[in-house]
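So in this note's numbering, the last one in the sequence shown is 610, and the numbering has no gaps at all. By construction, the Cβ of each residue, glycine as well, lies at the ideal position given by its N, Cα and C atoms. This structure is a prediction, so every number in the text was calculated from the model and none was measured.
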Amino acid sequence: MRANLLMETPVIIAGTACQGEIDELWRQMQIQQQVTQKLLDKEIDWEFYFDFMAESGIEPEELIDTAQGNLDFAIKENIILEL
Numbered sequence: 528m529r530a531n532l533l534m535e536t537p538v539i540i541a542g543t544a545c546q547g548e549i550d551e552l553w554r555q556m557q558i559q560q561q562v563t564q565k566l567l568d569k570e571i572d573w574e575f576y577f578d579f580m581a582e583s584g585i586e587p588e589e590l591i592d593t594a595q596g597n598l599d600f601a602i603k604e605n606i607i608l609e610l
């Protein structure tokens, strides 16, 4: 699976955000995608991944809940998953 094809975390942009803030949110999301790809490629371990995401403001519990929701959606929609 290519993580760079996914929106790792939603980017929520307030109507008052300036272009610099939008660019920074986008940059952060791209970095998170790169780290997720490293996890999928087994270049980093789960502990590093969870620590990185927590430092980015995303707690492991949120990631697990989101992953479970994505899996439930894929099953419901009969989407074939590959490892």
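Check	Outcome
How would you label Thr543, buried or exposed, when you count the other beta carbons within 10 angstroms and need 16 or more for buried?	exposed
Distance check for Asp592 and Glu582, CA to CA, integer angstroms please.	18 Å
Over the uninterrupted alpha helix (DSSP H) stretch that includes Asp578, give me the two end residues.	Trp573 to Glu582
Is Gln546 buried or exposed, if buried means 16 or more other CB atoms sit within 10 Å of its CB?	exposed
Kindly list the residues whose CB is nearer than 8 Å to the CB of Val562, restricted to its own chain and excluding five residues on each side of it in sequence; keep chain order.	Ile571, Tyr576, Phe579 and Met580
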